[in-house]
Amino acid sequence: MITVTGNIDITLIALYAFWIFFAGLLWYLRQEDRREGYPLESDVGGKYPKDAWFFMPPPKTFVLPNGGGTKQVPDGTRDTREIAASRPHEYPGAPLYPTGDPLVDGVGPASWAERSDTPDLMAEGELRIVPLRTSGGFSLNEKDPDPRGMEVYAADNVAVGTVTEVWVDRSECMVRYYELQLGSGENALIKLLPVSFGNIKRGRGRTLVMHVRAITSEQFARVPTIANPDRITRLEEERLVAYYGGGELYATRFRQEPLF
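Each step along the sequence shown adds one to the number in the numbering used here, with nothing skipped, and position 187 is 687.
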């Protein structure tokens, strides 16, 4: 064994070097935690944690794709949304209980991130998620059932409308949303349904229908809408998926109770 002194050898030096490297790695990762979205405020008091000064990283500037400018993080901004919820217990991790309409107030499974209100783009700068009518050559597989024209039933088994169009992800080559028409005439509403919340099955008369377990017929009227009928933004996607996701727990009071 090669020795440096009588009490320190190469093995011990390698061990110390590993400890120093590992401590530096942990410090670096804790810094990047805060850059990439780790909570910068305590869960209860809303103040910076005691170790913020030590782990707070210096600002870094990112160049956004497709001419989207730049983004610097951390930038010191915070989410100022007012959430209609209360915390009955003052300890970190205590649950929030909704006090308003949890499907639109952003509580629990209905919460969403404040993404940019711009559409998601492909590498070439074209819209990524579009309806088939503007997709430019995309079509549904002939072996799969075509959902267009199917009746849509809510969780309470009430017919709410029909599927009128399918939205596709041109980057992943898959269906992302169903476009629904609720009602008819001047009072008709156009809503989107994430494909994961729509279940095609046999209805009465053995015809194929679209069943949505997440929300009831009355809640369909409050599904968030999109500003442009032929494109959807990242923020609109967040709000849309959050609404249906929240319905899995908050659509009826019975879903919030234990099974036994």
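Glycine included, C-beta positions come from ideal geometry on N, C-alpha and C.
All values reported here derive from a predicted model rather than from experimental measurement.
For residue i, three-class secondary structure by DSSP
i	result
Tyr597	strand
Ile520	helix
Leu761	With the chain covering only 501 through 760, there is no way to say anything about residue 761.
Thr634	helix
Leu515	helix
Leu621	strand
Ala610	helix
Asp646	coil
Arg615	coil
Tyr528	helix
Asp656	coil
For residue j and residue i, the rounded distance between their alpha carbons
i	j	result
Phe697	Trp527	41 Å
Glu665	Arg706	22 Å
Leu689	Gly683	7 Å
Gln681	Glu736	18 Å
Tyr744	His589	28 Å
Glu757	Gly746	15 Å
Arg704	Leu621	41 Å
Phe554	Ala751	44 Å
Leu740	Pro558	34 Å
Arg615	Glu738	8 Å
Ala623	Pro565	8 Å
Thr580	Pro602	17 Å
Gln531	Lys571	18 Å
Val660	Arg628	29 Å
Tyr678	Ile520	54 Å
Arg722	Gly685	19 Å
Gly767	Phe562	Lying before the first or after the last residue shown, residue 767 is absent from the chain, which here runs from 501 to 760.
Sub-8 Å separation of residue i and residue j beta-carbons
i	j	result
Thr599	Ala610	no
Val712	Ala655	yes
Pro647	Ile726	no
Val607	Phe638	no
Arg702	Leu708	yes
Thr511	Pro619	no
Val630	Arg535	no
Val658	Gly649	no
Host alpha helix (DSSP H) of residue i (start-end)
i	result
Asp605	Pro602 to Asp605
For residue i, the first and last residue of its enclosing beta strand (DSSP E)
i	result
Val660	Ala659 to Asp669
Glu651	Glu651 to Tyr653
Ile508	No beta strand (DSSP E) contains Ile508, which DSSP labels as neither H nor E.
Ile629	Ile629 to Pro631
Residue i at chain C interface by Cβ criterion, 8 Å
i	result
Leu689	In the displayed structure, chain C is absent; only one protein chain is listed.
With a floor of 3 residues, list each beta strand (DSSP E) that falls wholly inside the segment 673-758, ordered by position along the chain. 674-682, 689-694, 699-702 and 708-711
Pick out the complete beta strand (DSSP E) segments inside the segment 548-588, 3 residues or longer, and give them in chain order. 560-563 and 570-573
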